[in-house]
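Colleague:
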Ligand code: NAD
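Numbering (the working numbering), first residue to last: 43 to 534.
Below, the structure is given as C-alpha cells:
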C-alpha cells in the first residue's frame, strides 16, 4: 500500500509534463488522506499531446503488425509482473477490495492478450481475384484516438481502448478520470515505454481537457466510456469535425427471474448477489433491478437475503474477508443515498444486507451499507435510474410477457440477465433489448473478452472486446481493379 501521496504528471511525446495546478484525490475509505495530486492538464498541453500523437502516426502506421504485437506483449509481461503493486494502488485510490482490483488487472491482461493473438488475422488484407478483376480491402488505422475513461474500472476501460488502437496502427491520447488516476497512470506509462515517443500519451483533468480531446481537428476517433449525459456533450463537441466514435455508456440492467428458477440453488443465488454488489455496485454491467414472479416473491426475497448476508462484508479494501469497500467518491455516495432515502420516504422497505466489519472505518469513509429495496414501482427513480451503487430493487410480475416489457422499458440497453431453466431462459433472453444477455449469471461473471461488448439505445454506439473491438480502430480502404474498366451502357 502506498504510504504517502504522489504527484502525478502528464506523459507527452515520451516525456513527463508537470502542471501548474493540481486536484487532490482522497482515499475513499479514509477521506482525510490524500493519495494523489492529480494535474490539471491545460488545454494547451492537451493540444501538445494531440500534436505528438499526430506526428507519430505516419511512421507508426507503417510499422509491421508483428512488431506492434511484440512490443505490446512486452508491456503485458510488465503488467503481469507488477500486478500485485498495481492492484494495491488501485484498491487504495478507488475503494475496491484488492481481490477485485486484481480481477480488473486479470481482465485487462486477458483482453490485451486476446487482441495480440487475433489482430493480425482480423486486419489482414482481403484479396478477391476472379474473372471480373481484382479487389483488395485494406484495413487502415483511423489516426489519432482520444481514449477517455471513467473511474469505476479505470485500468480495464483504458486498456480496452489503448491496446486495440495501438495494435492496429493508431496513436493515442489517454485521459483517465480524476477519481481513480494513479494506478492507470502507471499502467499507461508502462505501456507507453514499449512504443516510440508520441504513440501513447497521457493527460489528466476534467471536462475542459475532455472538450479539447473531443473537438480538436487533429483527433480522428473518440473512444469513450462514461455517462450518457457526458456522451451527449461529446457528440456535440465532435460534430464540427465529424469524428468516428465508440461510446460505452450507462446501463440499468434488468435481471429477469423466471417461474422455473430454483430459489434453493445456493450457487445461483450467490452469483445473483455478486452481480449486484461487486465493486459496491459501481459497474455499468451490474444487475440494477430484479424482476421476480409474484408466486416466487416471498421465497426469493428470503433466499436472496440469506445469500447476501453470507457474502457481503463491508470494510477496508485491504481486509481479506471484505467483499465490498466504500463508494469511490462523495458525489456518488450522496447520489445513491438519496435514491434509497427517497424510495424509503415513498413507502418502500429498505432492507440492509451484509455485515459491517469495521464500524469506525465505516463512519469515516464513503461507505454505504448494501440494501434491498422492496415495494418500489417501475416508475420510481430507484428502478428507473442507473443507481451505480450498492442497492437493488426487487419488483414482482405476473406474466413473463410483463417482465420482458418492464425489462425493456428503459432508455438503456447495456447488459441484462435471465435466470431459470436454460432453454426457457435463452428464449426469453432473445426478447430483451441489450448488447449482452447472460443466462443464470450476470455482470463480470458472464463477461467474455472474445465477444463484442456494448449497448443498444442510450447505452452506446459501437462495440469493444472481440474482433469488433479491434475493427473499431480501422476503416476499410477498397482498392478496386476491375477487368472491364469501360462500362458498356455508358455512351461513347
Ligand atoms: P463521466 O461521464 O462523468 O466521466 C467519464 C470520463 O469523461 C472522465 O474521464 C471525465 O473526466 C470525462 N469527461 C467529463 N466531461 C467531459 C466532457 N465534456 N468531454 C469529454 N470528457 C469528459 O462518467 P464517470 O462518472 O466517470 O463513470 C460512470 C459512468 O460510466 C456510469 O454512467 C457508467 O454506467 C458508465 N460506464 C459505462 C461502461 C460501459 O462499458 N458501457 C463501463 C463503465 C462505466
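Yeah, the Cβ is synthetic: ideal placement off N, Cα and C, and Gly gets one too.
1) Is the beta carbon of residue 249 within less than 8 Å of some heavy atom of the ligand NAD?
2) Nearest-angstrom Cα distance between residue 458 and residue 327?
3) Shortest alpha-carbon distance to residue 341 belongs to which of 142, 354 and 299?
4) In the structure shown, what three-state DSSP assignment does residue 257 receive?
5) For residue 436 and residue 428, what's the separation of their Cα atoms in angstroms?
6) So is the beta-carbon of residue 40 under 8 Å away from any non-hydrogen atom of the ligand NAD?
7) Any chance you could list the alpha helix (DSSP H) runs of at least 4 consecutive residues sitting entirely within the stretch 69-131, in chain order?
8) Please tell me whether residue 51 and residue 58 are closer than 9 Å, where the distance is taken between their beta carbons.
9) Take residue 248 as the anchor and find which of 222, 180 and 522 has the nearest alpha-carbon.
10) On the CB-based measure, 16 or more other CB atoms within 10 Å of its CB, does residue 363 come out buried or exposed?
11) With DSSP as the reference, label residue 289 as helix, strand or coil.
12) Between residue 511 and residue 202, is the Cβ-Cβ spacing less than 9 Å?
13) Keeping to the same chain, check which residues put their C-beta closer than 7 Å to that of residue 140; ignore five residues upstream and five downstream.
14) What residue from 532, 523, 534 and 530 has the CA that sits closest to residue 179's CA?
15) In the DSSP assignment, find the unbroken beta strand (DSSP E) run with residue 175 in it and report its ends.
16) Buried or exposed, going by whether 16 or more other CB atoms sit within 10 Å of the CB of residue 519?
17) Based on the DSSP secondary-structure assignment, which residues constitute the bridge partners of residue 441?
18) Consider the C-beta atom of residue 70 and the heavy atoms of the ligand NAD; say whether any pair is separated by less than 8 Å.
19) Using only the alpha-carbon positions, how far apart do residue 318 and residue 495 sit?
20) For residue 509, I'd like the list of residues in its chain whose CB is within less than 8 Å of its CB, leaving aside the five on either flank, ordered along the chain.
21) Note down the Cα distance separating residue 381 from residue 469, rounded to an integer number of angstroms.
22) Pull up the CB-CB distance for residue 497 and residue 291, whole angstroms please, since I reckon it's below 8 Å.
23) Taking 8 Å as the cut-off, is the CB of residue 266 close to at least one heavy atom of the ligand NAD?
24) Under the DSSP definition of a beta bridge, which residues are partnered with residue 454?
25) Any heavy atom of the ligand NAD closer than 8 Å to the beta-carbon of residue 273?
Modeller: In this structure, then:
1) Result yes, Cβ under 8 Å from the ligand NAD.
2) Rounded to the nearest whole angstrom, the C-alpha separation of residue 458 and residue 327 is 8 Å.
3) Restricting attention to 142, 354 and 299, the CA atom closest to the CA of residue 341 is found in 299.
4) Judged by DSSP in its simplified three-state form, residue 257 adopts helix.
5) The straight-line gap from Cα to Cα measures roughly 15 Å.
6) No statement about residue 40 is possible, as the shown extent of the chain runs from 43 to 534 and does not include it.
7) Whole alpha helix (DSSP H) segments, 4+ residues: 85-104 and 107-123.
8) In contact: residue 51 and residue 58 (Cβ atoms closer than 9 Å).
9) Shortest Cα-Cα distance from residue 248 to any of 222, 180 and 522 involves 222.
10) By the neighbour-count definition (other C-beta atoms within 10 Å, threshold 16), residue 363 is an exposed residue.
11) If DSSP states are grouped into helix, strand and coil, residue 289 belongs with the strands.
12) Taking a C-beta distance under 9 Å as the contact criterion, residue 511 and residue 202 qualify as a contact pair.
13) If we look at residue 140 and ignore the five residues flanking it on each side, its Cβ neighbours are 129, 130, 133, 359 and 360.
14) Closest option to residue 179, judged by alpha-carbon separation, among 532, 523, 534 and 530: 523.
15) Per DSSP, residue 175 belongs to the beta strand (DSSP E) from 175-183.
16) So residue 519 ends up on the exposed side.
17) Residue pairing of residue 441 in beta bridges, as defined by DSSP: absent, with no partner found.
18) False, no ligand heavy atom lies under 8 Å from that Cβ.
19) Whole-angstrom Cα-Cα distance: 19 Å.
20) Once the five neighbours on either side are set aside, the close Cβ partners of residue 509 are 160, 164 and 494.
21) Between the alpha carbons of residue 381 and residue 469 lies a distance of about 33 Å.
22) With a Cβ gap of about 6 Å, residue 497 and residue 291 count as contacting.
23) Yes, the ligand NAD has a heavy atom inside 8 Å of this Cβ.
24) In DSSP, residue 454 forms a bridge with 499.
25) Taking the Cβ of residue 273 as the reference point, at least one heavy atom of the ligand NAD falls within a distance shorter than 8 Å.
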